[in-house]
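Here the sequence shown stands for residues 41 to 494, where the numbers follow the working numbering. Comments concern the structure below.
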Amino acid sequence: MIEETQINADREWCIGPGLARWRRVGAIASWVGVAAIAGWLISRIIKEAADTEGGDFRHFYWAAEAMRQGRDVYDSGTLGYIYPPFFAWAIQPLVLLGRVGAEQAWGGINLVLLAVSMVLAFRIVSERLRGPRDAITWSFILLAGALLSIDQIRQEFKQGQTDTIVLASFTLALYLLGRFPLVAGMVLGFAAQVKHQAVLPVLYLLVRGRVKPMFGFVVAMPLIATLPMTTMGKDAWWDAMQRSYGYVGSVSAVAETDAETALHPITWEKSVSIPSAIARAIETEDGVPSLMLMGLVGLTAASVFGITWLIFKRFGVPMFVGRWGPREEKSKPGIVMIEWAGLFIALLAFSPQAMNRHGFILVFVHVLIAYLVFVPKSGINRWPLIFGALAYQIAQIIPAEDDGMLTESFGWWMRAGGESWCMLLMWFGLVWTGLDAVRKGYPKFVVEKPELSS
Numbered sequence: 041m042i043e044e045t046q047i048n049a050d051r052e053w054c055i056g057p058g059l060a061r062w063r064r065v066g067a068i069a070s071w072v073g074v075a076a077i078a079g080w081l082i083s084r085i086i087k088e089a090a091d092t093e094g095g096d097f098r099h100f101y102w103a104a105e106a107m108r109q110g111r112d113v114y115d116s117g118t119l120g121y122i123y124p125p126f127f128a129w130a131i132q133p134l135v136l137l138g139r140v141g142a143e144q145a146w147g148g149i150n151l152v153l154l155a156v157s158m159v160l161a162f163r164i165v166s167e168r169l170r171g172p173r174d175a176i177t178w179s180f181i182l183l184a185g186a187l188l189s190i191d192q193i194r195q196e197f198k199q200g201q202t203d204t205i206v207l208a209s210f211t212l213a214l215y216l217l218g219r220f221p222l223v224a225g226m227v228l229g230f231a232a233q234v235k236h237q238a239v240l241p242v243l244y245l246l247v248r249g250r251v252k253p254m255f256g257f258v259v260a261m262p263l264i265a266t267l268p269m270t271t272m273g274k275d276a277w278w279d280a281m282q283r284s285y286g287y288v289g290s291v292s293a294v295a296e297t298d299a300e301t302a303l304h305p306i307t308w309e310k311s312v313s314i315p316s317a318i319a320r321a322i323e324t325e326d327g328v329p330s331l332m333l334m335g336l337v338g339l340t341a342a343s344v345f346g347i348t349w350l351i352f353k354r355f356g357v358p359m360f361v362g363r364w365g366p367r368e369e370k371s372k373p374g375i376v377m378i379e380w381a382g383l384f385i386a387l388l389a390f391s392p393q394a395m396n397r398h399g400f401i402l403v404f405v406h407v408l409i410a411y412l413v414f415v416p417k418s419g420i421n422r423w424p425l426i427f428g429a430l431a432y433q434i435a436q437i438i439p440a441e442d443d444g445m446l447t448e449s450f451g452w453w454m455r456a457g458g459e460s461w462c463m464l465l466m467w468f469g470l471v472w473t474g475l476d477a478v479r480k481g482y483p484k485f486v487v488e489k490p491e492l493s494s
């Protein structure tokens, strides 16, 4: 069975004075790059907030405004609000700032959530792989992780979306999992009342027998869900909850939804997920055969699991035997982290609907990838991960768009869900290289002090 950081744990990499100077220069340049991205995002927040006709934040604003006025949040604006009522309830204070001020404030919140998520992601990766955390590693990995996600970050801030909450919650939950497992579950319970799919990590915790975080989730989620009842009243709250969770089924629908809603069926042409791609491939004049769709999606998921299991077996890592309970946090922290990264990928690849911009939540995965690829002297096999990461980056470019409409030349790539298939290639590469890093570990980075002349 694999022993984490077995090979390189006692090695040292001595960094001479000359190289140390260049590494300091690199650290400064990387921090300048990080600051430049932050400044660029701030300018976009200000610019996009002025466009009151576009973006997705307007749906959240209209819903919060409706809740303040005692109206139905799901009948507000252009019927684009499909989240649980808690989110509209929570952002009501932003309505006092007006439409533009509210979006600017929300953009600021998103920027803080992104920064916190990336810092936590780096700490998680470096701690669980027991690798270096010097200044150049900090700055360069954060910069590389941001650049790998730069287009999704741009879209997230352009739309004023809520995927920052999913990213921050998943990342914080993993950070707390070995420290305060009960609180980790509560964080996931909070996220599940903003976006329904945030419940996915709980299934992982169930399989791994993590009782404390599961208990925290079970306690926190209903408490958070009922907070809007304090101002909405019981009947209005219950009706809102029913409508919200009814939308979960609507986005999985194999037929067109009600024309009076802003929802799309699973065959929506802009969805890049694997279920959407399969649904489009088997769609007939009579619609999409539901049983066939579920069978093909299930077969695909089983195949992905099987390949992952084979890679685990290749590195001597059991998938289930001896994998029950919290002791994994001490014995297999790196493996738990890799599996947690898989939750982000599964959430996108096998979602009933997923657009390119939803790839924003892969910021955590990209920080992990950057660490595995760029931190030197580990001796790990990086090529499977490099190949997979490049395939995914290229896949995001192929679906060319023209004024928001798919072009004829590359429409086939979008219809086939090419981006998600390449995401799975990235996952296989991540598992291979990640488990190799867990096995070999990283040497200690030691900076040599220059000798003083006598």
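Virtual Cβ for every residue (Gly too), placed ideally from N, Cα, C. All values derive from a computational prediction rather than experimental measurement.
- Task: Determine the burial state of GLY338: buried for a count of at least 16 other Cβ atoms within 10 Å of its Cβ, exposed for fewer.
- Result: exposed
- In three-state terms, what does DSSP make of ALA440? Reliability fails at ALA440, whose pLDDT of 49 lies under 50, so the model's placement of it is uncertain and the value that follows must be treated cautiously. In this structure, ALA440 counts as coil in the three-state DSSP scheme.
- Message: Using CA atoms only, rank isn't needed, just tell me which of VAL113, SER460 and ALA78 is closest to TRP277.
- Response: VAL113
- Item | Simplified DSSP assignment, three categories, for LYS310 | coil
- Query: Just reading off the alpha helix (DSSP H) that TRP364 is part of, what are its end residues?
  - Reply: Looking at the DSSP string, TRP364 is not in any alpha helix (DSSP H), and its letter there is neither H nor E.
- How far does the alpha helix (DSSP H) with ALA150 in it reach, from first residue to last? Residue identity check: residue 150 is Asn in the sequence provided, not Ala. 138-168 is the extent of the alpha helix (DSSP H) around ASN150.
- Message: What does the Cβ neighbour count give for SER157, buried or exposed, with the cut at 16 atoms within 10 Å?
- Response: buried
- Where does ASP275 land, buried or exposed, given buried means 16+ other C-beta within 10 angstroms? exposed
- Given LEU425 as reference, the closest of MET269, GLY474, SER418 and PHE345 once Cα atoms are compared: GLY474
- Query: So which of GLY362, ARG64 and GLY451 has the shortest CA-CA distance to ALA175?
  - Reply: ARG64
- Query: Which value, in whole angstroms, describes the spacing of the CA atoms of ALA238 and GLY356?
  - Reply: 31 Å
- Item | Test item: CB-CB of ARG108 and VAL135 under 8 Å | yes
- Assuming VAL407 and ALA161 form a contact by the criterion Cβ under 8 Å, report the distance between their Cβ atoms to the nearest whole angstrom. 4 Å
- Task: Less than 8 Å between the CB atoms is what I'm expecting for GLU369 and LEU217, so what's the real figure, rounded?
- Result: 7 Å
- Message: Using 8 Å as the threshold, is the C-beta distance between LEU333 and ILE318 below it?
- Response: yes
- Item | VAL478, DSSP secondary structure in three states | helix
- Message: Suppose the cutoff is 7 Å on Cβ atoms and the five residues either side in sequence are ignored; what does the same chain contact list for GLN132 look like?
- Response: ALA104, MET107 and ARG108
- Query: THR266 by DSSP, collapsed to three states: which one?
  - Reply: coil
- Query: Along the chain, where does the alpha helix (DSSP H) that runs through VAL328 open and close?
  - Reply: Premise fails: VAL328 is in no alpha helix (DSSP H) and is neither H nor E.
- Message: Would LEU465 and GLY428 be called neighbours here (beta carbons separated by less than 8 Å)?
- Response: yes
- Task: For the alpha helix (DSSP H) holding TYR215, just list the boundary residues, first then last.
- Result: 203-217
- Message: Please list the terminal residues of the continuous alpha helix (DSSP H) segment that includes ARG98.
- Response: 97-108
- Cα separation between ALA29 and LYS198? What is shown of the chain runs 41 to 494, which leaves residue 29 out entirely.
- Task: Starting from SER179, trace the alpha helix (DSSP H) both ways and give me its first and last residue.
- Result: 175-188
- Query: Would you call the CB atoms of ILE401 and ASP203 closer than 8 Å?
  - Reply: yes
- Rounded Cβ spacing between PRO241 and LEU383 (contact assumed at less than 8 Å): 5 Å
- Message: Tell me the rounded alpha-carbon separation between VAL471 and ILE306.
- Response: 29 Å
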